[in-house]
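**Q**
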Amino acid sequence: MKIKLFGVLLLIEAAALLLTAAVALYYQRMVGEGDAHYFLLTAGLTGAIGLLLYSIGKMNKYGTLQIRDTFLVVALSWVLFSFFGMLPFLMYGTVDNVTDAFFETMSGFSTTGATILDNIDRQPHGILFWRSLMQWLGGLGVVVFTLAFIPSVAKGSKKMSLFAAEAPGLSVEKLAPTMGATSRLLWIIYIFLTLMCTIAYRLGPMNTFDAVCHAMTTIATGGFSTHQASIGYFQSNYIEWVCSFFMLLSGINFAMYHFLFNRRFDVIKRNEELRWYLLAILGFTLLFMFRFYFAPHFNTITEEQLASHPQTWWDRVRISLFHVIALLSNTGFQSSNYDYDLWGRLFLIPTVVLMVVGGCAGSTSGGIKMVRVIVLLKYIKKTVNELIHSSSMYTIKISGQIVEELSLKRVLSFFSLFIIVFMVNVVALSAFGMSLEEGAISFLTCFSNYGPGSGITGPSGNFDAIPDAAKWLLSFDMLVGRLEIFTILLLFTRSFWRAK
Numbered sequence: 056m057k058i059k060l061f062g063v064l065l066l067i068e069a070a071a072l073l074l075t076a077a078v079a080l081y082y083q084r085m086v087g088e089g090d091a092h093y094f095l096l097t098a099g100l101t102g103a104i105g106l107l108l109y110s111i112g113k114m115n116k117y118g119t120l121q122i123r124d125t126f127l128v129v130a131l132s133w134v135l136f137s138f139f140g141m142l143p144f145l146m147y148g149t150v151d152n153v154t155d156a157f158f159e160t161m162s163g164f165s166t167t168g169a170t171i172l173d174n175i176d177r178q179p180h181g182i183l184f185w186r187s188l189m190q191w192l193g194g195l196g197v198v199v200f201t202l203a204f205i206p207s208v209a210k211g212s213k214k215m216s217l218f219a220a221e222a223p224g225l226s227v228e229k230l231a232p233t234m235g236a237t238s239r240l241l242w243i244i245y246i247f248l249t250l251m252c253t254i255a256y257r258l259g260p261m262n263t264f265d266a267v268c269h270a271m272t273t274i275a276t277g278g279f280s281t282h283q284a285s286i287g288y289f290q291s292n293y294i295e296w297v298c299s300f301f302m303l304l305s306g307i308n309f310a311m312y313h314f315l316f317n318r319r320f321d322v323i324k325r326n327e328e329l330r331w332y333l334l335a336i337l338g339f340t341l342l343f344m345f346r347f348y349f350a351p352h353f354n355t356i357t358e359e360q361l362a363s364h365p366q367t368w369w370d371r372v373r374i375s376l377f378h379v380i381a382l383l384s385n386t387g388f389q390s391s392n393y394d395y396d397l398w399g400r401l402f403l404i405p406t407v408v409l410m411v412v413g414g415c416a417g418s419t420s421g422g423i424k425m426v427r428v429i430v431l432l433k434y435i436k437k438t439v440n441e442l443i444h445s446s447s448m449y450t451i452k453i454s455g456q457i458v459e460e461l462s463l464k465r466v467l468s469f470f471s472l473f474i475i476v477f478m479v480n481v482v483a484l485s486a487f488g489m490s491l492e493e494g495a496i497s498f499l500t501c502f503s504n505y506g507p508g509s510g511i512t513g514p515s516g517n518f519d520a521i522p523d524a525a526k527w528l529l530s531f532d533m534l535v536g537r538l539e540i541f542t543i544l545l546l547f548t549r550s551f552w553r554a555k
């Protein structure tokens, strides 16, 4: 069954490559670009191997996926997708080595948005479309896509485990009687938001190609752009407001749109994570606005840094809101005043905090998720109350429901593992030649699937200059962050491989 599912997943990637080849062929006829045959070749190779694996797997008619198998399938499927997805970059010459090609592709599928390219505007339309399509497929996940539209491939298997291994969040919530129907419903919402975003972009100064590509990476909260200057390229307040609005929507649990459509306003109103998410956006937007306003009064802010700040109240509102939503949704787009490194140290700490926290569970955003932060803060409050009132027992509730002991343990384990992984990565990246600060923020941005870091990996730079060993480690961090640690961690435990 595992081999059959791998085959199906590769056939899906082959279909995506064929779609990209069609786009490349169109622009080959229009402007003479020459990347189409590389996509056709990669699609043929990927499809042939996928068909072979599907045929081999189909011979085992009675095999089903067990819980252990689901984690292996999900983890390896992302590596396989990245391996075949990087081939067009190598064949066309977008990059000249496997390390950079794999880094760019993993960044795409994991919706991280970190890039090693400094010549995005010179890339052909096929390459640019493939970068956007990778993020769109990775937004909800390729395995979830398979469960949605080819549910028979995992017939009789642990579909809930497959879904949970790839979908981000604290727990899996069924919106329909089956996981296949739930996956399909989520993808319908995903496609609808993408179409609405495309139309909104097209009504502005974006052409159709840019509108489609940016809509895919906005709703996927990926952040890849068709231009080196990102959203700032268009120099349009309208585009920035539209981008802010759809980034905000993409950071919300997609289940809320299902309840909205069914007029379950009581469920939406009761959702505590959504309230925290919106309040965080409001609060941090005000924080950045006032920091811009009072920055001239701080001795630590230089004249050069002040020159990079927005000067009017309206610009402060727009840029602060865009920056906060891009961070909290982990999209990583950059607006006209894009370089937060130039703003000064006063702005770096809240930037990193938002980057790490991320959006709501059940959305396409990265980070540790708002719901986990809520649970952790309530657990701390519970501990303090029990120390003061030792004879009393307190429970933790989210949206009116008690958080079960197992879920609480998972949240605490997640934060513990996050701290351990962070420390190990900072030491390793420092050993590879990165400075302590650049290594720390580079790990956080890759693990949180945000994109830009700080310093050489910041908004005005890219990841090309860092050592190859650091690129492989950060590629792994992107995968660990996208699958939220446990799915990958299980593969490195002895009990996982010895379990029957």
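Convert by adding 55 to the 1-based position in the sequence shown; the result is the number in our numbering. Beta carbons: idealized from backbone N, C-alpha and C, even for Gly.
Hey, is the stretch 370-381 in contact with the stretch 283-298, meaning 3+ C-beta pairs nearer than 8 Å?
**A** yes
**Q** So, are the CB atoms of Gly536 and Ser497 less than 8 Å apart?
**A** Their beta carbons are not under 8 Å apart, which means Gly536 does not touch Ser497 by this criterion.
**Q** Taking the Cβ atom as the reference point for each residue, do Ser165 and Gly193 lie within a distance shorter than 8 Å?
**A** yes
**Q** What does a CB cutoff of less than 7 Å around Phe184 pick up in its chain, not counting 5 residues either side in sequence?
**A** Thr75, Val78, Cys268
**Q** Taking DSSP's pairing of strands, which residues face Gln389 in a bridge?
**A** Answer is none; Gln389 lacks a bridge partner.
**Q** Going by DSSP, which residues form a beta bridge with Lys452?
**A** DSSP output for Lys452 lists Ile457 as bridge partner(s).
**Q** What number of angstroms, rounded off, separates the C-alpha of Arg123 from the C-alpha of Arg553?
**A** 10 Å
**Q** State the Cα-Cα distance for the pair Ser212 and Met161, rounded to the nearest angstrom.
**A** Residue placement at Ser212 is poorly supported in this model, since its pLDDT is 48, which falls under 50; the coordinates still yield a value, given next. Each residue's alpha carbon lies about 27 Å from the other.
**Q** Mind checking whether Leu169 and Thr500 have CB atoms under 8 Å apart?
**A** Here residue 169 is Ala; the residue named in the question, Leu, does not match the sequence. Their beta carbons are under 8 Å apart, which means Ala169 touches Thr500 by this criterion.
**Q** Give the secondary structure of Thr166 by DSSP, where H, G and I count as helix, E and B as strand, and everything else as coil.
**A** Here Thr166 sits in coil by DSSP.
**Q** Relative to the ligand MG, is the shortest distance from any of its heavy atoms to the C-beta of Ser280 smaller than 7 Å?
**A** Annotation note on the ligand MG: not contained in the displayed structure, which lists no ligands.
**Q** For Val439, which three-state DSSP category applies?
**A** helix
**Q** With distances taken from CA atoms, which of Ile307, Phe309, Tyr256, Ala275 is nearest Ile286?
**A** Closest by C-alpha distance to Ile286, out of Ile307, Phe309, Tyr256, Ala275, is Tyr256.
**Q** Three-state secondary structure (DSSP) at Tyr293?
**A** Judged by DSSP in its simplified three-state form, Tyr293 adopts helix.
**Q** Phe309 and Ser559 - do their beta-carbons sit closer together than 8 Å?
**A** No answer is possible for residue 559: it lies beyond the span of the chain, which begins at 56 and ends at 555.
**Q** Quick one, which of Asp394, Ala350, Gly259, Leu409 has its alpha-carbon nearest Phe289's?
**A** Gly259
**Q** Kindly list the residues whose CB is nearer than 6 Å to the CB of Asp519, restricted to its own chain and excluding five residues on each side of it in sequence; keep chain order.
**A** Ile171
**Q** Quick one: is Arg427 buried, meaning 16 or more other Cβ sit within 10 Å of its Cβ, or exposed?
**A** buried
**Q** CB-CB under 8 Å to Phe402, same chain, minus the five flanking residues each way: which ones, in chain order?
**A** Residues of the same chain with a CB within less than 8 Å of the CB of Phe402, apart from the 5 flanking positions on each side, are Phe343, Arg346, Tyr395 in chain order.
**Q** When you compare only the Cα positions, how much space is there between Tyr93 and Phe157?
**A** 17 Å
**Q** On the three-state DSSP scale, how would you describe Ser212?
**A** Reliability fails at Ser212, whose pLDDT of 48 lies under 50, so the model's placement of it is uncertain and no value is given.
**Q** Return the Cβ separation of Leu36 and Ser384 in integer angstroms, given the expectation that the two are a contact with Cβ distance under 8 Å.
**A** With the chain running from 56 to 555 in the structure shown, residue 36 is simply not present.
**Q** Smallest Cα separation from Val408: which of Ala350, Leu382, Lys437, Asn354?
**A** Leu382
**Q** Counting only the same chain and skipping the five closest in sequence on each side, list residues whose C-beta sits under 7 Å from that of Thr273.
**A** Cys252, Cys298, Phe301, Met302, Ser305, Thr386
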